[in-house]
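Order-wise, the sequence lines are chains E and A. Going by the working numbering, the first sequence wraps up at 298, each residue one higher than the last. Going by the working numbering, the second sequence wraps up at 113, each residue one higher than the last. The beta-carbon is built from N, C-alpha and C at its ideal position, and this holds for glycine as well.
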Amino acid sequence: KAGVTQTPRYLIKTRGQQVTLSCSPISGHRSVSWYQQTPGQGLQFLFEYFSETQRNKGNFPGRFSGRQFSNSRSEMNVSTLELGDSALYLCASSREGDTNTEAFFGQGTRLTVV
Amino acid sequence: GEDVEQSLFLSVREGDSSVINCTYTDSSSTYLYWYKQEPGAGLQLLTYIFSNMDMKQDQRLTVLLNKKDKHLSLRIADTQTGDSAIYFCAEGGSTLGRLYFGRGTQLTVWP
């Protein structure tokens, strides 16, 4: 069974640009969550999607957005990139996204903003 | 919000046991998880424990849960150099689709 796939693995962007990251969950999983990981802040929750609906959102500015498609694949977008957006972006998939299911993570997308 | 605390560093000698500790605040947590992250990689789910259990053993890994004190520990028996990584404790709290993570414990195993 294939794991969670994130593309691309690495990205370099300049300030002011926008970026789109993709996450394909494990087959049969309907919940996709996104996290930002930085050395200073650790793992911070961005948002979670289930059946194409955003159910929860973390404390990030509106420049961070996401969506989920009918096949459960998810994308997140960051507009007007800032240097501080440089991070490892991780997505996790689970069956239902409730507290009774295991969450599996992808390898992450390493975003560098210059 | 929910808080998860872990010590930041642990060093052990190869062959010894490692014990990584974690405390959490949300008493409604249903599942508590341990993840491993190697350099440049994502998070690997190691094991988890349901909140109505006290202990779970999985090969070299033993998870102990003290729900009264909201304390979770991960014991790695016969620690190997390949176990060197960052270990994250996480709890599934009251928010759907969201895990609350500690800052991670950097485990260094010396040969």
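Would you list the residues sitting across from residue i in a DSSP beta bridge?
| i | result |
| --- | --- |
| D60 of chain A | A:L63 |
| V216 of chain E | E:Y233 and E:S277 |
| V6 of chain A | A:Y26 |
| S19 of chain A | Looking at the DSSP assignment, S19 of chain A forms no beta bridge with any residue, so it has no partner. |
I need the boundaries of the beta strand (DSSP E) containing residue i, first residue and last residue.
| i | result |
| --- | --- |
| S31 of chain A | First-last for S31 of chain A: undefined, no H or E at that position. |
| Q82 of chain A | Note, Q82 of chain A: premise wrong, no beta strand (DSSP E); not H, not E. |
| E232 of chain E | G226 to F234 |
| R294 of chain E | T293 to V297 |
| M55 of chain A | Element bounds for M55 of chain A: n/a, residue is neither H nor E. |
| V111 of chain A | T107 to W112 |
| I196 of chain E | Y194 to K197 |
| V188 of chain E | Taken as a continuous stretch (DSSP letters only), V188 of chain E belongs to no beta strand (DSSP E), as it is neither H nor E. |
Counting only beta-carbon atoms, is residue i nearer than 8 Å to chain A?
| i | result |
| --- | --- |
| N240 of chain E | yes |
| L227 of chain E | yes |
| G290 of chain E | yes |
| E236 of chain E | no |
| L274 of chain E | yes |
| E286 of chain E | yes |
How many Å lie between residue i and residue j at the Cα?
| i | j | result |
| --- | --- | --- |
| N23 of chain A | R251 of chain E | 36 Å |
| G290 of chain E | G17 of chain A | 30 Å |
| G226 of chain E | F248 of chain E | 18 Å |
| T264 of chain E | V188 of chain E | 27 Å |
| I210 of chain E | S278 of chain E | 8 Å |
| E280 of chain E | G268 of chain E | 32 Å |
| E40 of chain A | K70 of chain A | 32 Å |
| N54 of chain A | V298 of chain E | 48 Å |
| F11 of chain A | T107 of chain A | 5 Å |
| N240 of chain E | Y233 of chain E | 7 Å |
Less than 8 Å between CB atoms is the rule here; does residue i satisfy it with respect to chain E?
| i | result |
| --- | --- |
| Y89 of chain A | no |
| L121 of chain A | Only positions 3 to 113 of chain A appear in the structure, and residue 121 of chain A is not among them; the question remains open. |
| L47 of chain A | yes |
| L101 of chain A | yes |
| A151 of chain A | As shown, chain A starts at 3 and ends at 113. That puts residue 151 of chain A outside it, with no answer to give. |
| T107 of chain A | no |
| Y50 of chain A | yes |
| T97 of chain A | yes |
| G84 of chain A | no |
- the segment 230-248 of chain E contacting the segment 33-41 of chain A, beta-carbon criterion three pairs below 8 Å: no
- Message: Does the segment 99-107 of chain A come into contact with the segment 220-236 of chain E, if we say contact requires no fewer than three beta-carbon pairs (one atom in each stretch) closer than 8 Å?
- Response: yes
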